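K.L.:
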């Protein structure tokens, strides 16, 4: 698989980030990040997965295996967002609560249209 440098640029621009901001968010040097965008260096598979997760896309999109940049799953970390993690965990345990909240959410979204 070949990493598609233009795709990381598209995602970064859609997020409204500069190269420097993207590098900081990924905890890497601006020069190292720039090499990925310029196609001078191919990131490891682990790095591509980290970039995809951080930028809310998929490794398949960054490798050009799909044209859909939107992930079909979302990972919620208990260490990064303990309240949201607990909330989702509660929903998974109580399907009746999940159903009620989805109905409420659907009503709210209908009102906002």
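Residue numbers (my numbering): 1 to 113. Using N, Cα and C, we set each Cβ at its ideal position, and we do this for glycine too. It should be emphasised that the depicted structure is a prediction, and the values quoted were computed from it without experimental measurement.
#1: How is residue 34 classed by DSSP in three states: helix, strand or coil?
#2: Can you give, in chain order, each stretch of the alpha helix (DSSP H) that sits fully within the stretch 5 to 64 and has at least 4 residues?
#3: What is the DSSP secondary structure of residue 112, reduced to helix, strand or coil?
#4: If you draw a straight line from the C-alpha of residue 35 to the C-alpha of residue 75, how long is it?
#5: With distances taken between CB atoms, is the gap from residue 85 to residue 72 smaller than 9 Å?
#6: Would residue 32 pass as a contact of residue 24 if the rule is Cβ separation under 9 Å?
#7: Anyone know if the C-beta pair for residue 3 and residue 26 falls short of 9 Å?
#8: Please classify residue 109 as buried or exposed, where buried requires at least 16 neighbouring CB atoms within 10 angstroms.
#9: Taking residue 11 and residue 45 to be in contact with their CB atoms under 8 Å, please state how far apart those CB atoms are, rounded to whole angstroms.
P.N.:
Judging by the given coordinates:
#1: helix
#2: 5 to 14, 19 to 25, 30 to 38, 45 to 54, 59 to 62
#3: coil
#4: 28 Å
#5: no
#6: no
#7: no
#8: exposed
#9: Going by Cβ atoms, the distance from residue 11 to residue 45 rounds to 17 Å, so no, they are not a contact pair.
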